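Quick mapping for you: the protein sequence lines, in order, are chains E and P.
According to our numbering, the first sequence is numbered sequentially starting from 1.
According to our numbering, the second sequence is numbered sequentially starting from 426.
There are 2 protein chains.
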Amino acid sequence: MIVELVNTGTELMLGRTLNTHQQWICRQLADAGRVVSRQVAVPDTAEAIRHSVRESLSRADLVITTGGLGPTSDDVTREFIAAMLGRPLREDLETFARIHHYFAARQRAEPPHAQVQAMVPEGAIVLPNSCGTAPGLAIEVDPNPFRPGGAKSWLVMLPGPPRELRPMFRESLIPLLNRVMPVDEPFVCRTLRATGIGESQLEQAVAPGLKRCVDAGLELGYCARIGQVDVRLAARGSEAGTVVAEADKIVRSCIGTHIYGEGEEEIEETIVRVLTARKETLGLAESCTGGCLANRITNVPGASQVLPAGWVTYSNEAKQLCLGVKSESLDRFGAVSEEVAREMAEGARVKAGSTYGIGITGIAGPGGGSPEKPVGTVFVGVAGPFPTLVRRYLNPFDRETFKQVTSQQAMDLLRRALQGADTAG
Amino acid sequence: MIVELVNTGTELMLGRTLNTHQQWICRQLADAGRVVSRQVAVPDTAEAIRHSVRESLSRADLVITTGGLGPTSDDVTREFIAAMLGRPLREDLETFARIHHYFAARQRAEPPHAQVQAMVPEGAIVLPNSCGTAPGLAIEVDPNPFRPGGAKSWLVMLPGPPRELRPMFRESLIPLLNRVMPVDEPFVCRTLRATGIGESQLEQAVAPGLKRCVDAGLELGYCARIGQVDVRLAARGSEAGTVVAEADKIVRSCIGTHIYGEGEEEIEETIVRVLTARKETLGLAESCTGGCLANRITNVPGASQVLPAGWVTYSNEAKQLCLGVKSESLDRFGAVSEEVAREMAEGARVKAGSTYGIGITGIAGPGGGSPEKPVGTVFVGVAGPFPTLVRRYLNPFDRETFKQVTSQQAMDLLRRALQGADTAG
């Protein structure tokens with residue numbers, strides 16, 4: 001099955017908007033056994049949209065477009081595609097009522113031209129929009145005039161805003177695809193997420209053991225992201241489930257302690273999930289990560305139940321006043337030291353009244369390094385009902401990468417402590 | 426001038442990697458007067474790469490590819506393109522030496538196949554890599570066998586990692602392009618960044634006044650991002666500078682108080698820049714934004730000089746203990762209230778010993794709302810050497826958007842206070 005993606009929007013070509021649709025849609029489809037073979041972005045002009053959609057229709061069984069379904073003058077995708085396919089636009093009464101209700105329920109005036117979004121190409125299936133006004137549209141192009149032999153294709157138009165597109169994709173499009181163009185053989189995909197190990201080190205550890213799975217049809221992929229590596233295990237056919245299960249077992253036996261979760265789970269979600277289940281809490285003392293760790297943890301719904309308090313203490317005074325770090329420790333070892341990380345972690349635990357405390361102190365750069373403690377040096381402490389753990393890392397990256405990697409390492413140290421795997425210090 | 430971008434990488438098609446190159450490269454080129462007319466992403470297969478590059482060469486004056494120049498087995502772009510153009514690969518001695526030196530300087534063993542990156546298609550210009558090993562390559566395809574009439578094109582191959590691609594793009598590619606294919610007429614582009622105003626409201630405010638500039642050739646664009654709107658003013662030709670300067674003046678006269686900066690400056694950079702120049706400091710007390718504001722401000726190099734301390738105080742106890750919020754205020758008005766935001770801002774200022782203090786309390790959701798204070802309700806306080814300001818907002822968004830928008834509003838309130846524009850309360 002050939003799938004192509006067409007993202008429309010002049011703002012994409014001017015570099016004003018980051019195209020998050022590509023990754024999100026490709027991932028959703030790939031993990032369901034439908035790999036996108038080509039993605040293209042073009043501006044909102046009649047010629048560019050027509051040309052790219054026609055080209056994709058000439059090759060693909062499924063063409064998905066994003067953007068250009070709204071009410072403003074640059075929302076032209078619906079109109080151009082309907083014209084290209086010779087499908088007149090007709091008002092869809094149910095969509096008309098939904099749009100009307102959308103504004104009424106929010107006590108907002110209906111903007112001019114809102115009802116243009118209720119115009120639907122003849123024969124299209126409407127994908128309702130639960131978070132906005134423009135519905136998605138799915139058209140069975142049969143016969144497909146652009147394809148050799150006229151073999152049919154499906155053309156799906158989705159709205160641009162991610163908060164509208166994503167629920168529509170999950171709730172309406174996936175069920176539709178499963179009905180009208182089911183994946184032709186069983187497909188199983190599992191992603192294991194590892195942290196605290198590099199991509200090549202991970203590959204060296206697992207690849208030899210996985211050789212027989214690969215010979216049996218395992219699709220094996222590694223993807224390094226900031227501070228973590230994903231291992232993607234996929235297989236097709238009647239043995240797919242068995243092959244993936246065996247590969248999963250092998251990977252865990254080789255690098256089990258590095259695996260924090262599965263699928264799309266972020267390590268901050270793991271932390272909040274585990275602490276919530278254990279009815280335990282966490283206090284944070286951050287210096288060089290400047291709130292990055294608190295921000296990541298509080299992105300998870302329910303974080304307020306596990307995180308009573310956090311501190312961002314850049315200055316030595318704040319470290320002493322807020323966390324009780326000793327001035328002798330600061331004088332003797334310096335703010336970036338094992339001792340200060342320990343006292344910050346323990347101070348956060350005491351002051352927050354929490355089960356655990358994390359303390360982070362280091363040099364994010366670009367300035368501030370020394371030969372003994374170069375830029376990127378960081379100490380992370382984890383305090384809890386066990387002897388406080390402190391680890392030293394070297395993360396010589398740009399500032400934002402440093403913060404991301406360091407907060408990842410801190411969460412991983414806590415995760416291991418929670419599992420009791422590393423509590424001996 | 427027609428420019429096309431080809432991003433190669435199977436990980437893009439599997440949705441494992443976010444394609445940040447598209448936005449970054451499109452923006453760099455557009456702001457220099459070269460708008461990309463088409464971007465395509467394809468997997469690392471010979472057929473997909475050849476097909477897409479050939480297609481782009483058949484249309485474009487400049488084709489830029491990203492990815493596939495490294496030393497591993499899936500780095501195939503250089504080889505396939507060289508073969509397609511009939512350009513044998515030859516070892517480039519300077520690049521060979523650079524790669525060798527790269528590893529020697531880092532005291533790291535040279536990985537197997539590292540020197541494959543020194544293989545350069547005949548006649549290609551080498552774009553040195555100051556942050557990695559794989560150089561970029563620029564080839565003048567003249568005559569261009571894929572283009573009607575054989576008109577020449579430039580084909581540029583860039584490495585995949587952003588930290589290698591970006592400096593190479595700025596330091597080597599832009600000067601090369603300016604030399605071999607200068608923009609044919611003067612081009613001026615300026616972006617004004619506004620916050621605290623919606624896209625359609627902004628458009629209504631500025632569009633009528635800009636009409637005569639648009640008639641004189643102004644390219645006018647709006648781009649709404651989370652919590653802010655960019656206004657892009659561009660023009661071509663001998664009058665470009667005058668047209669953009671006049672448009673700039675008109676926009677500022679209409680919505681001047683909303684404009685916090687220009688170009689790519691984020692509002693957190695504005696805050697750090699202004700506070701640094703004034704030798705003033707800031708303390709932060711965050712509840713519902715959970716460290717998002719501290720994280721954003723500390724993304725800016727030099728933030729440690731202006732931010733002595735910040736608190737994340739979810740629990741009422743932490744608000745009282747860390748910031749001195751009164752228990753009567755919490756009892757009488759609730760944690761999400763004007764009074765508590767005020768006391769948090771003032772407490773942060775006192776406890777941090779800073780010139781200004783920000784206090785934020787609200788309901789990020791998804792749970793916790795009430796009819797009187799629905800999910801998304803937030804109070805922001807700004808304390809300083811003036812009567813404390815408090816504003817109420819309603820940000821009924823998903824959790825991460827809520828945090829982003831709210832921290833934006835808090836910084837905007839501080840920015841206005843710093844400008845003395847809003848100190849009357």
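Note that beta-carbon positions come from the ideal geometry of N, C-alpha and C, so glycine has one too.
Computed from a prediction, not measured in an experiment: that's the story for all the values here.
For Asp-756(P), the secondary structure class from DSSP, reduced to helix, strand or coil, is helix. Under the DSSP assignment, Asp-655(P) falls in the beta strand (DSSP E) whose first and last residues are 653 to 661. Residues of the same chain with a CB within less than 6 Å of the CB of Glu-164(E), apart from the 5 flanking positions on each side, are Asn-129, Cys-131, Gly-132 in chain order. Checking the DSSP bridge columns, you'll see Cys-223(E) partnered with Asp-230(E).
A straight line joining the alpha-carbon of Arg-38(E) with that of Thr-442(P) spans about 15 Å. Using a Cβ-Cβ cut-off of 8 Å, Arg-38(E) counts as an interface residue toward chain P, since at least one Cβ of chain P sits closer than that to its own. Cβ proximity to chain E below 7 Å picks out nothing from the region 518 to 551 of chain P. Per the coordinates, the alpha-carbon of Lys-152(E) lies some 25 Å from the alpha-carbon of His-21(E). In chain order, Asp-230, Arg-232, Gly-263 place their CB closer than 6 Å to the CB of Thr-191(E), counting only its own chain and leaving out the 5 sequence neighbours on each side.
C-alpha of Gly-772(P) to C-alpha of Leu-583(P): approximately 51 Å in a straight line. By the neighbour-count criterion, in which 16 or more other beta carbons inside 10 Å mark a residue as buried, Ile-564(P) falls on the buried side.
Ranked by how close their Cα comes to the Cα of Val-156(E), the residues Gly-150(E), Asn-144(E), Pro-182(E), Ala-124(E) have Ala-124(E) in first place.
Interface flag for Ala-46(E) against chain P is unset, since no Cβ pair is found closer than 8 Å. For Asn-720(P), a Cβ of chain E is located within less than 8 Å of the residue's own Cβ. Annotation: the continuous beta strand (DSSP E) that includes Ile-125(E) extends over 125 to 127. By the criterion of a C-beta distance shorter than 6 Å, Cys-648(P) is surrounded in its chain by Asp-655, once the five residues flanking it on both sides are discounted.
Note that the C-beta distance between Ser-337(E) and Pro-733(P) is not below 8 Å. Contact of Ser-762(P) with chain E is not assigned, every C-beta pair being separated by 8 Å or more. Annotation: the continuous alpha helix (DSSP H) that includes Gln-404(E) extends over 399 to 418. Only residues of its own chain outside the window of five on either side were considered, and among them Cys-288, Val-336, Gly-369, Lys-373, Pro-374, Val-375, Gly-376, Thr-377, Val-378 have a CB closer than 8 Å to the CB of Ile-363(E), listed in chain order.
Ala-30(E) is the residue among Ala-30(E), Leu-413(E), Pro-371(E) whose C-alpha sits nearest the C-alpha of Gly-221(E). Bridge partners of Pro-121(E) according to DSSP: Leu-89(E).
The three-state reading of DSSP puts Val-325(E) in coil, since its state is none of H, G, I, E or B. Rounded to the nearest whole angstrom, the C-alpha separation of Arg-452(P) and Ala-352(E) is 45 Å. Listed along chain E is no residue with a C-beta nearer than 7 Å to that of Gln-829(P); the closest approach is about 10 Å. Unbroken beta strand (DSSP E) stretches of 3 residues or longer found wholly inside the region 28 to 88 of chain E: 36 to 42, 62 to 66, given in chain order. Secondary structure note for Ser-779(P): it is in no beta strand (DSSP E), with a DSSP letter that is neither H nor E. With contacts defined as CB atoms closer than 8 Å, Ala-285(E) and Gly-357(E) qualify as a contacting pair.
Cα atoms of Ala-60(E) and Arg-170(E): separation of roughly 21 Å, rounded to the nearest angstrom. With respect to Ala-660(P), Leu-643(P) sits close: the two C-beta atoms are nearer than 8 Å. The beta-carbon of Asp-412(E) is placed no less than 8 Å from the nearest beta-carbon of chain P.
Taking all protein chains shown into account, Pro-112(E) has fewer than 16 neighbouring C-beta atoms within 10 Å of its C-beta and is therefore exposed. By DSSP's assignment, Ile-139(E) forms a beta bridge with Leu-155(E). Within the region 714 to 741 of chain P, the beta strand (DSSP E) runs of at least 3 residues that lie entirely inside it are, in chain order, 734 to 738.
By the neighbour-count definition (other C-beta atoms within 10 Å, threshold 16), Arg-637(P) is an exposed residue.
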